[in-house]
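*Asks:*
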Amino acid sequence: MIYLQIFWAFFIPGILGYGGGPASIPLIENEVVDRYGWLTVNEFSEVLALGNSLPGPIATKMAGYIGYQQGGILGVIVAEFATVGPSLILMIALLSLLMKHKESPRVKRMTMAVRPVVAVLLGIMTYDFLFSSYESVGWLQTVLIGVISFFLMEKARVHPAYVIAGALVYGGFVLA
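Quick note, the sequence shown lines up with residues 133 to 308 if you use my numbering.
Structure (structure tokens):
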């Protein structure tokens with residue numbers, strides 16, 4: 133039964149997450165935190181931070197970690213297939229249709245219409261992480277980490293992976 137749950141937990145975001153990782157992350161969070169209760173919001177944010185610090189697509193890294201945590205090696209295989217399977221099957225089946233209509237104004241309008249939905253999903257996830265961080269470490273640490281991270285990425289142009297790694301180290305030594 134756990135393997136079926138793992139499959140659905142990653143298949144649904146895989147099929148509905150139009151736009152890749154950023155669109156899939158809130159959907160994965162909904163499944164593994166709210167629906168199945170495998171992780172708390174705080175644990176999910178830690179998995180997300182760890183996944184962002186590693187190279188490659190975020191959804192597959194999260195699927196591998198959570199799949200292994202819930203079902204071992206077979207859980208990894210099921211979660212990874214459920215994550216990449218929808219895109220793989222659809223791309224193979226619809227490749228010629230996609231190539232034929234890629235410059236269509238309708239397709240471009242559809243893509244533009246989906247972007248606000250993705251933005252709202254990311255905003256909700258950000259709010260959940262902010263509230264969870266506030267509850268666990270307080271407003272001062274939350275604001276401090278947020279402001280320093282913003283400055284490093286936007287003003288100093290430090291790569292996000294280094295900022296995430298620095299925040300992990302800070303959290304491990306100072307907040308633990």
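Glycine included, every Cβ here is placed at the ideal spot set by N, Cα and C.
Just so you know, these numbers come straight off a predicted model, no measurement behind them.
#1: Below 8 angstroms on the Cβ atoms is my contact criterion, and I expect VAL210 with GLY199 to pass it. Report the Cβ-Cβ distance as a whole number of Å.
#2: How far does the alpha helix (DSSP H) with GLU247 in it extend, from its first residue to its last?
#3: On the CB-based measure, 16 or more other CB atoms within 10 Å of its CB, does SER177 come out buried or exposed?
#4: Taking the continuous alpha helix (DSSP H) assigned at TRP140, which residues delimit it?
#5: If you follow the alpha helix (DSSP H) that GLU175 is in, where does it begin and where does it stop?
#6: Find out if the Cβ-Cβ distance for the pair VAL168, ALA191 is shorter than 8 angstroms.
#7: Rounded to whole angstroms, what is the Cα-Cα separation between ALA245 and LEU222?
#8: Should the region 157-164 be regarded as contacting the region 248-268, the criterion being three or more beta carbon pairs within less than 8 angstroms?
#9: Classify MET194: buried if its beta carbon has 16 or more other beta carbons within 10 angstroms, exposed otherwise.
#10: Whole-angstrom Cβ separation of VAL165 and VAL173, contact assumed at under 8 angstroms?
*Replies:* Answer, in terms of the structure:
#1: In the sequence shown, the residue the question calls residue 210 occupies position 78. In the sequence shown, the residue the question calls residue 199 occupies position 67. 6 angstroms between Cβ atoms; contact.
#2: Locating residue 247 in the sequence shown gives position 115, counting from the first residue. According to the sequence as given, residue 247 is Arg; it is not Glu. Where ARG247 is concerned, the enclosing alpha helix (DSSP H) stretches over 237-269.
#3: Looking up residue 177 in the sequence shown gives position 45. So SER177 counts as buried.
#4: In the sequence shown, residue 140 corresponds to position 8, counting from 1. It spans 134-148 - the alpha helix (DSSP H) in which TRP140 sits, taken as one unbroken run.
#5: Taking the sequence shown and counting its residues from 1, one reaches residue 175 at position 43. Start and end: 173-185.
#6: The residue you call residue 168 lines up with position 36 of the sequence shown. The residue you call residue 191 lines up with position 59 of the sequence shown. Here residue 168 is Tyr; the residue named in the question, Val, does not match the sequence. Going by C-beta atoms, TYR168 is not nearer than 8 angstroms to ALA191.
#7: Locating residue 245 in the sequence shown gives position 113, counting from the first residue. Locating residue 222 in the sequence shown gives position 90, counting from the first residue. Going by the C-alpha atoms only, they are around 21 angstroms apart.
#8: yes
#9: Here residue 194 refers to the residue found at position 62 of the sequence shown. Buried, because 16 or more other Cβ atoms sit within 10 Å of the Cβ of MET194.
#10: By 1-based counting over the sequence shown, the position of residue 165 is 33. By 1-based counting over the sequence shown, the position of residue 173 is 41. Confirmed, Cβ separation roughly 6 angstroms.
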